[in-house]
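In the UniProt record's numbering, the protein residues as written are 1 to 575. Quick reminder that beta carbons are idealized off the backbone N, C-alpha and C, glycines included. Worksheet for the structure shown next.
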Amino acid sequence: MEMHEEVWSMNDKDFKKLTAKSLGREKAELVLKNAQVINVFSEEILVRDVAVEDGMIVGVGQYQGREEVDLSGKYLCPGFIDAHLHLESTLVAPPELIHSALQWGTTTFIIDPHEVVNVAGEEGLDYMLEQTEGLAANVFLMLPSCVPAVPFEENGGVFTAEKMEPYLSNPRVLGLGEVMDYVSVIEGEEDMVKKLHLFQDRIKDGHAPYLQDKQLAAYALAGIKTDHECIDYAYALEEIRNGMQVLIREGSGARNLAAIVRGIQENNLDTGNFSFCTDDKHINDIQREGHISYNIKKSIALGIPPLKAIKMATLNTARCYNLTELGAVAPGYQADFVILDSLEEVAVHAVYHKGKKVEREKKIEIKPCPEQLRRTVHLPTLSADDLKLAVSDSPSSLIQMSEGQITTKHVRDVLPARDGCFVPNAQYNKVVVVERHKGTGHFAVAPVLGFNLRQGAIATSVSHDSHNVVAIGDNDESILLALQELQRVQGGYTMVREQRVLATLPLPIMGLISDAGHKSVESMLNTMVGYAHEMGVPAPIHPFIALSFIALPVIPEIRITTRGLYDAVEQKFIR
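Structure (structure tokens):
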């Protein structure tokens, strides 16, 4: 989107009309009067009127309008931008999420739909494009780069460079989604090189946990410009030094903002190369905390000046993604505004998109989903014998969970056993991952430390990025019952306690998305998270987010896939 493209594509008559409004010779369609306007260019607050015509800002100064809204005492800033999110991770249909996040001031969403594409290939991508078309927000897409995440994964779809090409003509497609298979990048593997060439003139998102020194240099050399996987300031600083934009993430399971922002403050680092994202954030957390507004508020509380925090959420991101008509309150920019009652609290009073006030209460229209996308869970019938895991008296490899992060630790320990087989308990849980897309019957079992679930099991079909079914528990019977329940409802979250199904949140659309309203999803999710903590899961661990990432082999240190335990640092299976 080139700067003023909309202006210069107009005919002379329309251009003269806008100029007349800008000069104040004619009343503008809408004037927001006496607002404390946040100028993200000069980082000033100026008491001004903002004039809007045909969804565009035509002037900031003193204006008269056919409609006028007095904003005395209130702040007016650009609409917030989420630099990177997997919309599916909210668990609700796209229109539901967009409407909910709009209430918190997010008017632009840069989504990477690699969850639906991993399950259903181009059908999943087409679903996401259709569901996000014509909404009262700017929804842009990054085409998924790693489907599957790595070659050995068993997922539902394959998305090659050849399959990507037809989508490049869609004006809502900005670039290449997070490049997780960094080994393919730095080794110059053919399929990855094709994708990088295809997007040589477009933005390319990164995914580079723990990548450093020469490997990070080679990764940046490939033209990858962003990363949202920085867990602390040291990693963020190295990426900034390599010319990358750091997207500071505050999601449901991965909360990296405090560590990075404290480092920025302590070292007086310029914030120009930082933006905000949610990545994976459940709808109940959005409704409780906020969306990008929460990132801003938390940054301000940690010492970032309010205008800089707002700039990180607006202009910084717009510039990074070449969205030159977004991210500022100035002539020629799209009239996307957030009206705030309080700057420090980021208390949203009203939201405008293209000069129209966003309705708080409105009926959300959900377009129908193709029936084949509701039949994506195909599990084998497993028995307790299938779940047996042979162990010896020597230490075995196991997955140790990390509190407040989605990374794990590879540790070795002597496991409780009977007759040469691992016996799970509340300290050493058993995790099972089962292929669910093609009915292969493949599955794997491993021990887990630090999840601490007792007297039951939890299972999910949301399991990044292949989205096979994962179950964890302290006994085999509960694990098997949880798997059976997800087969019955065709995907979702479920909990078993004392040999009975305690609660289930069905996610029938590709095993990822609910077809219920957001309030229903929020209520059930809050209930289930509460149950999980009652059953022993430590408070800093989000039970479903943590479980959903335990099978993703591109995040350190150790993961479980349908082929067994995988060392994500050494990039090899553990035998």
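Is the beta carbon of Gly79 closer than 8 angstroms to that of Phe337? yes
Option in Asp82, Leu379, Arg255, Lys308 with minimal Cα separation from His291: Asp82
Through-space distance from Ile509 to Ile479, alpha-carbon basis: For the pair Ile479 and Ile509, the Cα-to-Cα distance works out to about 23 angstroms.
Under the rule that 16 or more other beta-carbon atoms within 10 Å means buried, what is Glu570, buried or exposed? exposed
At which residues does the alpha helix (DSSP H) containing Glu522 begin and terminate? Where Glu522 is concerned, the enclosing alpha helix (DSSP H) starts and stops at 518–534.
Beta carbon of Leu507 nearer than 8 angstroms to that of Gly492: yes
Near Pro556, which residues of its chain fall below 8 angstroms by C-beta distance, leaving aside the five closest residues on each side in sequence? Pro209, Tyr210, Thr407, Thr408, Ala568, Val569
By Cβ distance, which residues of its chain are closer than 6 angstroms to Gly223, with the 5 residues on each side in sequence left out? Lys204
Cα-Cα separation, Gln455 to Gln405: 25 angstroms
Can you tell me whether Arg241 is buried or exposed, with buried defined as 16 or more other CB within 10 angstroms of its CB? exposed
At what residues does the alpha helix (DSSP H) containing Asn180 begin and finish? Just to set this straight, residue 180 is Met in the shown sequence, not Asn. Taken as a continuous stretch (DSSP letters only), Met180 belongs to no alpha helix (DSSP H), as it is neither H nor E.
Element boundaries [beta strand (DSSP E), containing Thr562]: Here Thr562 belongs to no beta strand (DSSP E), and DSSP marks it neither H nor E.
To the nearest angstrom, how far is it from the Cα of Gly419 to the Cα of Ala457? The displayed chain sequence assigns Asp, not Gly, to residue 419. Between Asp419 and Ala457, the alpha-carbon positions lie close to 23 angstroms from each other.
Please state whether the Cβ-Cβ distance between Ile286 and Ala101 is less than 8 angstroms. yes
Name the one or two DSSP bridge partners that Tyr493 has. Thr460, Leu505
If you pair each beta-carbon of the stretch 40–48 with each one of the stretch 222–237, do three or more pairs fall below 8 angstroms? no
C-beta contact flag for Asn425 and Gly536 at 8 angstroms: No, Cβ-Cβ distance for Asn425 and Gly536 is not below 8 angstroms.
Of all the CB atoms in chain D, is at least one closer than 8 angstroms to the CB of His518? Reference to chain D is not applicable here, since this structure consists of a single protein chain.
Val193 to Glu345 span [Cα, whole Å]: Straight-line measurement puts the Cα of Glu345 at about 45 angstroms from the Cα of Val193.
If you compare alpha carbons, which of Cys77, Leu387, Cys146 is closest to Tyr182? Answer by Cα proximity: Cys146.
Give the list of continuous alpha helix (DSSP H) stretches no shorter than 4 residues that lie fully inside the stretch 129–214. Counting only runs of 4 or more, we get 161–164, 182–186, 190–198.
So if DSSP puts residue 615 in a beta bridge, which residue, or which two residues, is it bridged to? The shown model of the chain, from 1 to 575, leaves out residue 615, and the question about it has no answer.
Gln372 classed as buried or exposed, judged by whether at least 16 other C-beta atoms fall within 10 angstroms: exposed
For the candidate residues Leu326, Thr504, Asn256, whose alpha-carbon lies nearest to that of Leu525? Thr504
Between Ser22 and the rest of its own chain, which residues show a CB-CB distance below 7 angstroms, the 5 nearest in sequence each way excluded? The residues are Val58, Gly59, Pro331.
Between Asp465 and Glu115, is the Cβ-Cβ spacing less than 8 angstroms? In this structure, Asp465 lies near Glu115, with their beta-carbon atoms less than 8 angstroms apart.
Once DSSP output is grouped into helix, strand and coil, what is the label at Glu238? helix
Can you check which of these residues, Asn170, Ala258, Glu162, is closest to Glu190 by C-alpha distance? Glu162
Under 7 angstroms Cβ to Cβ from Glu68, same chain only, skipping five residues before and after it: list those, please. Val31, Lys33
Status (buried if at least 16 other CB within 10 Å, exposed otherwise) for Gln62: Flag for Gln62 reads exposed.
Taking only three categories from DSSP, how would you classify Gly511? coil
Supposed close pair Ala137, Thr107 - CB separation, criterion 8 angstroms: 6 angstroms
Between the stretch 306–314 and the stretch 348–362, can you find at least three pairs of beta-carbon atoms closer than 8 angstroms? Put simply, the stretch 348–362 does not touch the stretch 306–314. Fewer than three CB pairs are less than 8 angstroms apart.
Is it the case that the Cβ atoms of His518 and Glu96 are separated by a distance below 8 angstroms? yes
By how many angstroms is the C-alpha of Pro306 removed from the C-alpha of Glu267? Residue identity differs from the one stated: residue 267 is Asn in this sequence, not Glu. Approximately 18 angstroms, taken between the alpha carbons.
Residue from Leu87, Phe152, Val150 whose Cα sits closest to the Cα of Phe140: Leu87
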